[in-house]
Amino acid sequence: MAHFYIGDRKVGDDAPVFIIAEAGINHDGKLDQALALIDVAKEAGADAVKFQMFQADRMYQKEPGLYETAKGEEVSIFSLVEQMELPPEWLPVLLTRCKEKGLMFLSTVCDEESADLLNQTNPPAFKLASYEINHLPLLRHTASFQKPIIFSTAGATIADVHEAYETITSQQNKQVAIMHCVAKYPAPRAYTNLRVIQTLRYAFPEAVIGFSDHSEHPTEAPVAAVKLGAAMIEKHFTIDKTLPGADHSFALNPEELKEMVQHIRAAEKQRNQAEIDVHSLPEELLGSSYKTTTAIEGQIREFAYRGIFTTKGIAKGETLTSENVAVLRPGQKNQGLHPRYMPILLGTKAVRDIPAHTGVSWKDVLTQESHDDA
């Protein structure tokens, strides 16, 4: 049975479900609100509270355009991300509060610098967001710390998941949790596809499999996921659903978070006492077992999955380096090459001028003769 330890907690098939209360960006840039979220997570009985660490200029290329929030509002994605950056000086304060409460502190990291900063605190694990699943340089870098890696898979195909898993384990890090997830906020019931949990358990027997839930109902999908074998559950929560931030409206309120934890604990007891009849679960929630990009995820995949972009103009004959190209989310711009090609591109020369803040293509680095040979 797959298992590993997050701190002193055993996580896996033969352990209690590990429950992550996802605070995310619901601190709204206010330290007192972030501390209140920690208190709520502890009161609810979660095992860990999780925040997100990122830098806007290392997440999106410049002028990425507008993003539609869960409330249906169109906002500048760059401005939104910039406003929600977690200040580095908060880290010791948040860690101290978690230690006082006996709650584990976790964070998503979205770039190498944030991963390095978090690593200085000796974290029990690292979380990688769905939209970093193809950011192979980041996966490789974070896995090298030899701490457990939890990564989500919203919008991904089974091939994406396999490549991410192989990238992490290539660093001799076998402590991996893979989270089924749906890239929609909130996630519609009909696209939950919980049977994918069974697919992932079969395809990755040495990984711990969990579920990161974006649906609005506090208990329905998480409980069904546990009955299907999920060893880890993650769900967004807030201190107040009516707050104006982008992720509050679909997050659980404090009472709903507590209710979810209680129902998960009851479900795991039921699972441990007798084999669960899958057919007793709602068919609409079970859905398909095929792990692929669903119809509702294509747009966000194009918007947020990483590609290789110029960070400044590159002249014909100039060498591509880490100073002029980076792995970024495209937003509404055309996608660049897959990040897997970053090691190949670094050190090559541009065969034509490449404008700043655009996706890099093979035509930018291959000669006409190379095109003809292909």
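Numbering follows full-length UniProt numbering, in which position 40 of the sequence shown is assigned residue number 40; successive positions increment by one, without gaps. Every residue, glycine too, gets a C-beta built ideally from N, C-alpha and C.
A check of alpha carbon separations from residue 83 across 149, 344, 64 and 25 identifies 25 as the nearest.
Fewer than three beta-carbon pairs drawn from the segment 223-243 and the segment 52-62 are found closer than 8 Å, and the two stretches are therefore not classed as touching.
Annotated three-state conformation of residue 251 is coil, per DSSP. Taking residue 48 as the centre and dropping the five residues before and after it, the same chain places the C-beta of 20, 104 and 106 closer than 6 Å to its C-beta, in chain order. Taking the C-beta atoms as reference points, residue 231 is found nearer than 9 Å to residue 2. Just so you know, the alpha carbons of residue 349 and residue 365 end up roughly 6 Å apart.
DSSP places residue 141 within a helical segment (H, G or I) once states are collapsed to three. Residue 132 has its alpha-carbon roughly 17 Å from the corresponding atom of residue 332. Here residue 99 carries a helix assignment [DSSP, helix/strand/coil]. CA-CA distance, residue 184 to residue 297, rounds to 7 Å. Taking 9 Å as the cut-off, the beta carbon of residue 164 is found closer than this to the beta carbon of residue 134. If the five residues before and after residue 108 are omitted, its C-beta is found closer than 6 Å to the C-beta atoms of 52, 127 and 129, all from its own chain and listed in chain order. Cβ contact annotation for residue 294 (same chain, cutoff 6 Å, sequence separation greater than five): 191, in chain order. The straight-line gap separating the alpha-carbon atoms of residue 4 and residue 31 is approximately 32 Å. Among the bridge pairs identified by DSSP, residue 127 is matched with 108 and 150. Fewer than three pairs of CB atoms, one per stretch, sit closer than 8 Å, so the segment 264-284 makes no contact with the segment 320-330. Counting along the chain, the unbroken beta strand (DSSP E) around residue 20 starts and ends at 18-24. For residue 318, the closest of 173, 79, 54 and 346 by C-alpha to C-alpha distance is 346. A contact is defined here as three or more CB-CB pairs under 8 Å, and the segment 296-313 fails this definition with respect to the segment 208-224.
Taking the CA atoms as reference points, residue 159 sits about 26 Å from residue 358.
Distance between residue 218 and residue 251, taken at the CA atoms: about 9 Å. DSSP, reduced to helix, strand and coil, places residue 67 within a strand of the structure shown.
Per the coordinates, the alpha-carbon of residue 171 lies some 15 Å from the alpha-carbon of residue 177. Of all C-beta pairs linking the segment 245-261 to the segment 33-44, three or more are shorter than 8 Å, placing the two stretches in contact. In the displayed model, residue 213 falls within a strand according to three-state DSSP. Pairing residue 35 with residue 110, the inter-Cα distance amounts to about 22 Å. Contact annotation: residue 149 and residue 156 have beta-carbon atoms that are not nearer than 9 Å. For residue 214, the closest of 193, 361, 12 and 202 by C-alpha to C-alpha distance is 193. The secondary-structure analysis by DSSP pairs residue 177 across a beta bridge with 150 and 208. In the three-state reduction of the DSSP assignment, residue 326 falls in the strand class, which pools E and B. DSSP, read as helix, strand or coil, puts residue 74 in strand.
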